[in-house]
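S.K.:
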Amino acid sequence: MLSASTPRDDEVPLAHEPFRPWSWHGHVARRCAVFPVAGTPSQVRTRDVAAHLRRRGADVVRWRDVTKAHPGSCDVAIAAQNSGLHKLTEPVLVMAHGALRDKVAPVRAGAGKQTESHRYGTSAQDTVHAGRAIAVRQLLAHDDQVAAYNGHHEAVRESLRVVGDPVVDQLLAELHLRAEHRAALGVRPDQRLVLVTSTGCAHNLWLDQPGLMRRLVTELPSDRYRVVGVLHPNIWHSYGKQVEHVLHDAL
């Protein structure tokens with residue numbers, strides 16, 4: 001069983017039994033390789049991931065070694081992104097992490113103005129290589145996401161499968177715990193929760209609008225609102241204590 005995030009010529013954890021990072025691992029895999037999740041900049045974002053997987057009993061190999069030394073040795077490649085997966089000989093299954101399939105990404109022609117937009121991970125360059133679909137299966141969270149692939153390669157459209165979202169399922173299952181979750185965040189029953197979240201890519205909310213959190217905290221009446229920030233792990237891994245320094249006035 002081969003599992004991938006964004007592959008790079010870097011360290012790639014190769015796991016064997018009894019390594020079980022996911023509950024379904026024992027049902028669908030005898031062996032699992034997990035690639036570091038960061039596709040851009042330095043190893044700052046991936047170092048902690050590799051260390052975590054080592055603690056879970058995983059061995060670490062390089063991406064180029066996976067593609068050369070283990071061709072066809074796994075049953076399927078499970079990926080959270082599309083980059084570089086055409087190099088694998090195994091059948092590729094792509095699933096989105098987070099809300100990527102609902103994220104609109106701009107398409108730019110050179111340094112000129114924006115020409116169009118598309119749903120992240122759904123463009124031709126993300127789904128097709130050398131005239132063939134990269135993935136044998138594209139897993140989607142809900143039916144509305146299917147429309148993003150209209151006009152795509154026939155093999156890409158045939159690969160689509162709506163499988164649901166386990167995170168949404170968990171949220172729905174815990175609706176009766178809403179009061180407990182709000183209390184854990186310090187939200188009183190008479191207050192409204194304002195949740196601010198940011199992705200971890202280069203153009204994220206934390207970098208583009210570092211003063212937003214401070215404005216919300218200072219301009220919203222504190223007796224009526226509770227502001228909570230949820231930042232992508234890549235932000236913490238990349239900037240560390242600098243995050244707390246920038247947000248000091250809002251904490």
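Under UniProt numbering, the first residue of the sequence shown carries the number 1, and numbering increases by one thereafter. Even glycine gets a Cβ: it sits at the ideal position worked out from N, Cα and C.
1) I need the DSSP call for SER238, collapsed to helix, strand or coil.
2) Please report the straight-line C-alpha distance between LYS113 and HIS203, rounded to a whole angstrom.
3) I need the boundaries of the alpha helix (DSSP H) containing LEU160, first residue and last residue.
4) Run the CB neighbour count on ASN150, radius 10 Å, all protein chains shown included, and call it buried at 16 or more, exposed below.
5) Who does HIS129 pair with in a DSSP beta bridge?
6) Only counting the same chain, and skipping five residues up and downstream in sequence, which positions put a Cβ closer than 7 Å to that of TRP22?
7) Does the Cβ-Cβ distance between LEU172 and LEU185 come in under 8 Å?
8) By DSSP, does LEU88 sit in helix, in strand, or in coil?
9) Below 8 Å CB to CB, which residues in the same chain sit around LEU205 once its five sequence neighbours on both sides are set aside?
10) Please classify LEU205: does DSSP put it in a helix, a strand, or coil?
11) Based on the DSSP output, what are the partners of THR197 in its beta bridges?
12) Buried or exposed: residue 255, going by 16 or more other Cβ atoms within 10 Å of its Cβ?
13) Given a cut-off of 8 Å on the beta-carbon distance, is the pair HIS153 and THR127 in contact?
14) Taking DSSP as the reference, what is the three-state secondary structure of LEU216?
15) Closest to GLN138 by C-alpha separation, out of ASP144, GLU158, ALA124, would be which residue?
16) Can you tell me whether DSSP reads ALA96 as helix, strand or coil?
17) Which term fits GLY84, buried or exposed, when burial requires 16 or more other beta carbons within 10 angstroms of its beta carbon?
18) Measure from the alpha carbon of ALA50 to the alpha carbon of each residue in HIS237, HIS245, ASP249, LEU251, then state which is nearest.
19) Under 8 Å between the Cβ atoms of LEU220 and VAL227?
20) Compute the minimum distance between the beta carbon of ASP208 and the heavy atoms of the ligand PLP, and state whether it is under 7 Å.
21) From HIS129, ARG161, ALA135, ALA133, pick the residue whose C-alpha is nearest to that of HIS142; which is it?
22) Given this structure, state the Cα-to-Cα distance separating ASP169 from LEU175, to the nearest angstrom.
23) Relative to the C-alpha of residue 252, which candidate in VAL167, LYS241, GLU90, ARG224 has its C-alpha closest?
24) Quick check on the DSSP output: the alpha helix (DSSP H) that includes ARG178 runs from which residue to which?
25) Would you tell me roughly how many angstroms separate the C-alpha atoms of ASP249 and LEU93, rounded to the nearest one?
M.R.: Let's see:
1) Residue numbering aside, residue 238 sits at position 238 when the sequence shown is read from its first letter. In this structure, SER238 counts as helix in the three-state DSSP scheme.
2) Within the sequence shown, numbered from 1, the residue matching residue 113 stands at position 113. Within the sequence shown, numbered from 1, the residue matching residue 203 stands at position 203. Model confidence at LYS113 stands at a pLDDT of 49, short of 50, so the residue's coordinates are unreliable and nothing is read from them.
3) Your numbering for residue 160 matches position 160 in the sequence shown. Here LEU160 belongs to no alpha helix (DSSP H); instead the beta strand (DSSP E) covers 160-162.
4) The residue given as residue 150 occupies position 150 in the sequence shown. Flag for ASN150 reads exposed.
5) For the purposes of this step, residue 129 is taken as the residue at position 129 of the sequence shown. Paired residue(s): ARG132.
6) The residue you call residue 22 lines up with position 22 of the sequence shown. With a pLDDT of only 40 at TRP22, under the threshold of 50, the placement of this residue in the model should not be trusted; the figure read from the coordinates follows. Here the set comprises nothing.
7) Here the question's residue 172 lines up with position 172 in the sequence shown. Here the question's residue 185 lines up with position 185 in the sequence shown. No, they are not a contact pair.
8) Sequence index remark: in the sequence shown, residue 88 carries index 88 (1-based). The answer is coil: DSSP assigns LEU88 none of H, G, I, E or B.
9) Residue mapping note: residue 205 aligns to position 205 of the sequence shown, counting from 1. Counting only Cβ-Cβ distances below 8 Å, and skipping sequence neighbours, we find VAL196, THR197, SER198, THR199, LEU212.
10) The sequence position of residue 205 within the sequence shown is 205, counting from 1. Helix at LEU205.
11) Locating residue 197 in the sequence shown gives position 197, counting from the first residue. The partner list for THR197 (beta bridge, DSSP) reads VAL230.
12) Residue 255 is absent from the structure shown; the chain starts at 1 and stops at 251.
13) Here residue 153 is taken as the residue at index 153 of the sequence shown, counted from 1. Here residue 127 is taken as the residue at index 127 of the sequence shown, counted from 1. Against a cut-off of 8 Å, the Cβ pair of THR127 and HIS153 comes out as a contact.
14) Locating residue 216 in the sequence shown gives position 216, counting from the first residue. Helix, per DSSP.
15) As a working note, residue 138 is residue 138 in the sequence shown. Nearest of ASP144, GLU158, ALA124 to GLN138, Cα basis: GLU158.
16) As a working mapping, residue 96 is identified with position 96 in the sequence shown. ALA96: coil per DSSP, three-state reduction.
17) The sequence position of residue 84 within the sequence shown is 84, counting from 1. Buried, by the Cβ-count rule.
18) Start at 1 with the first residue of the sequence shown, and residue 50 comes out as number 50. Nearest option by C-alpha distance: HIS237.
19) Mapped onto the sequence shown, residue 220 falls at position 220. Mapped onto the sequence shown, residue 227 falls at position 227. The answer is yes: Cβ separation under 8 Å.
20) The ligand PLP is absent from the structure shown, which contains no ligands of any kind.
21) Here the question's residue 142 lines up with position 142 in the sequence shown. Checking every option, the nearest Cα to that of HIS142 belongs to ARG161.
22) Along the sequence shown, one-based indexing puts residue 169 at 169. Along the sequence shown, one-based indexing puts residue 175 at 175. Going by the C-alpha atoms only, they are around 10 Å apart.
23) The question about residue 252 has no answer, for the chain in this structure spans 1 to 251.
24) Position 178 of the sequence shown, counted from the first residue, corresponds to residue 178. Run containing ARG178: 178-184, per the alpha helix (DSSP H) assignment.
25) Here residue 249 refers to the residue found at position 249 of the sequence shown. Here residue 93 refers to the residue found at position 93 of the sequence shown. Going by the C-alpha atoms only, they are around 44 Å apart.
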